[in-house]
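See structure below.
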Amino acid sequence: MMHKKRWGYLGTLVALLLLWSSCEEQNFFGGPVYDFEGNLKRDRAILADFIETFEVDSIRRIHDPSGVIIIVQEEGSGSQARPGNVIYTEFNLSLLDGTIVDTTREDVAIANDIWNENVTYTFFQFVIPTAGQGVAVQA
4 MMHKKRWGYL
14 GTLVALLLLW
24 SSCEEQNFFG
34 GPVYDFEGNL
44 KRDRAILADF
54 IETFEVDSIR
64 RIHDPSGVII
74 IVQEEGSGSQ
84 ARPGNVIYTE
94 FNLSLLDGTI
104 VDTTREDVAI
114 ANDIWNENVT
124 YTFFQFVIPT
134 AGQGVAVQA
C-alpha cells in the first residue's frame with residue numbers, strides 16, 4: 004500500500020487539476036462538464052431514501068450543504084465548541100452499502116480489512132472556523 008503522504012500529495016495534485024479544469028468550458032479530460040448541482044440533487048434524493056431506512060442509534064443528524072450527512076451517535080463531555088477551538092473526534096466513513104472505507108480507529112480498520120501499517124490511527128482534529136475563515140483540517 005502507498006504511504007499516506009503519497010496519497011496526500013496525489014490528492015492535492017488531483018484537487019488542483021480539478022480546480023484548474025473547473026474553470027474551463029470543457030472537462031480537462033475531454034468529457035462533459037461536471038454537473039455539480041445536478042449530481043448533488045440526484046445524490047440528495049438517494050441519500051434521503053437511504054437515511055429513511057438506515058437503522059442506527061443517533062442523537063441527531065447534521066445535513067451539510069455539500070451533501071455530507073453527519074450522524075452524531077455520542078456527545079462529547081467537554082464544553083460547547085467555539086470558533087477557533089480545536090475539535091478532536093473519531094469517525095468511521097462508510098459507503099451506502101455499509102462498507103467502511105476510512106476510520107480513525109485501528110480496531111475498526113482491522114475488522115474491516117482496511118488496516119494500513121503506515122497509518123497512525125488517532126483522533127481526527129479540525130479547527131472551528133471564525134467568521135470569514137474556512138475549516139482547517141489536520142490529518
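Under this note's numbering, the first residue of the sequence shown is numbered 4, with each subsequent residue one higher.
Positions of the beta carbon are idealized from the N, C-alpha and C atoms, including for glycine.
Remember, predicted model here, so these are calculated numbers, not experimental data.
Item                                                                                                                     : Value
How many whole angstroms separate the CB atoms of Ile65 and Glu78, which I take to be in contact at a CB cut-off of 8 Å? : The Cβ separation is near 13 Å, so there is no contact.
What's the C-alpha gap between Ser80 and Gly34?                                                                          : 49 Å
Can Arg108 and Glu120 be called in contact, C-beta distance under 8 Å?                                                   : no
Quick check: what's the CA-CA separation for Asp37 versus Asp100?                                                        : Position check: residue 37 holds Tyr in this sequence, whereas Asp was assumed. If you take the alpha carbons of Tyr37 and Asp100, they lie about 25 Å apart.
When DSSP labels each residue in this structure, what does Asp110 get in the three-state scheme?                         : helix
Measuring CB to CB, does Pro86 end up less than 8 Å from Thr133?                                                         : yes
Mind checking whether Val104 and Val130 have CB atoms under 8 Å apart?                                                   : no
In or out: Thr106 buried (at least 16 other Cβ within 10 Å) or exposed?                                                  : buried
Report the rounded CA-to-CA distance for Leu96 versus Tyr124, giving the unit in angstroms.                              : 14 Å
If you reduce the DSSP assignment to three classes, tell me which class Thr56 lands in.                                  : helix
Give me the Cα-Cα distance between Tyr91 and Gln76, rounded to the nearest whole angstrom.                               : 15 Å
Tell me the DSSP bridge mates of Ile152?                                                                                 : Nothing about residue 152 can be reported from this structure: the residues present for the chain run from 4 to 142 only.
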